[in-house]
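Peer 1:
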Amino acid sequence: MHERLPSIEVEETGAPLAPYDSAARTQPNEIKPQIILEFRPERATLSFTALTVIGTLVIENLGKETATDMHMRATMISASRNQVATINAFFDGSIPVEDNILGDAKAGEKIALELEISIPSQELQGYSVAERQIVVPVIVAHLSYSWSGGKDSSRLACLVGREAQPPQGKMGPLRLDLGPRSFSPLGQRPLYA
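When we follow the working numbering, the leftmost residue of the sequence shown carries the number 1174, and every step to the right adds one.
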């Protein structure tokens, strides 16, 4: 005889349901690493020579096996009309960026790395909005790793901007027209490229 589970009343909110992504789901009996990346920006500094963003890159292994021989590449670009092509070129290795050897991440382990990335001023791609010169940095990272079943990788692409308090849906851009300065608090929003 089957026992009936109790039910509860749930108020209808009208909010759309998030689509279920079966491709991203790990099979229950599949034992492998599942690495997620998150960038937590702390501050940005605009000088006469560069824009520098400092933050923490969190690497978390949600899987059931150790990710070994981890290698990470990370860079920063400016948001622009050709950002998707630039991000794709980074991910396919066409843009040369130093490879950093990180070691291993055990199942359930979370690793926090301090990250400081700069773009020289002459490479910033700012744009004008309401007579203001602004820039929106994009952090891009690629982590490759091995496991007993082969090789895999995780990717990250996110916009960085000035975060409202409390956080809102949109962030503010970084202003270039006001000269050298520091920006905080910062937030990030994922890009899907």
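Glycine included, C-beta positions come from ideal geometry on N, C-alpha and C.
All values derive from a computational prediction rather than experimental measurement.
Just verifying my parser: in three-state terms, what is the DSSP assignment at F1264?
Peer 2: Here residue 1264 corresponds to residue number 91 of the sequence shown, with the count starting at 1. Helix at F1264.
Peer 1: Using C-beta distances below 7 Å, list every residue in its chain close to Y1193, excluding the 5 sequence neighbours before and after it, in chain order.
Peer 2: In the sequence shown, counting from the first residue as 1, residue 1193 sits at position 20. Unreliable placement is indicated for Y1193, whose pLDDT of 38 sits below 50; no coordinate value is reported for it.
Peer 1: With which residues is T1225 paired in a DSSP beta bridge?
Peer 2: Start at 1 with the first residue of the sequence shown, and residue 1225 comes out as number 52. BP columns for T1225 point to T1218, S1291.
Peer 1: Beta-carbon within less than 7 Å of I1209's beta-carbon, same chain only, minus the 5 sequence neighbours each way: which residues are those?
Peer 2: Against the sequence shown, residue 1209 aligns to sequence position 36. Closer than 7 Å at Cβ, skipping near neighbours: E1233, L1235, S1327.
Peer 1: Using DSSP with H/G/I as helix, E/B as strand and the rest coil, what is L1351?
Peer 2: The residue labelled residue 1351 in the question sits at position 178 within the sequence shown. Note: L1351 maps to coil in three-state DSSP.
Peer 1: Which residues in the same chain have their Cβ closer than 7 Å to the Cβ of R1177, if we skip the five residues on either side of it in sequence?
Peer 2: As a first step, residue 1177 must be located in the sequence shown, where it is residue number 4. Confidence in R1177 is poor, its pLDDT being 39 and thus under 50, which makes the residue's placement too unreliable to answer from.
Peer 1: Any idea if F1263 is buried or exposed, counting beta-carbon neighbours within 10 angstroms, 16 or more meaning buried?
Peer 2: Against the sequence shown, residue 1263 aligns to sequence position 90. Buried.
Peer 1: Here's a check: name, in chain order, each residue in its chain whose Cβ is nearer than 7 Å to the Cβ of G1276, leaving out the five neighbours to either side.
Peer 2: The residue you call residue 1276 lines up with position 103 of the sequence shown. Counting only Cβ-Cβ distances below 7 Å, and skipping sequence neighbours, we find M1243.
Peer 1: Starting from K1324, follow the beta strand (DSSP E) in both directions and report where the run begins and ends.
Peer 2: The sequence position of residue 1324 within the sequence shown is 151, counting from 1. From DSSP, the beta strand (DSSP E) with K1324 extends over 1323-1335.
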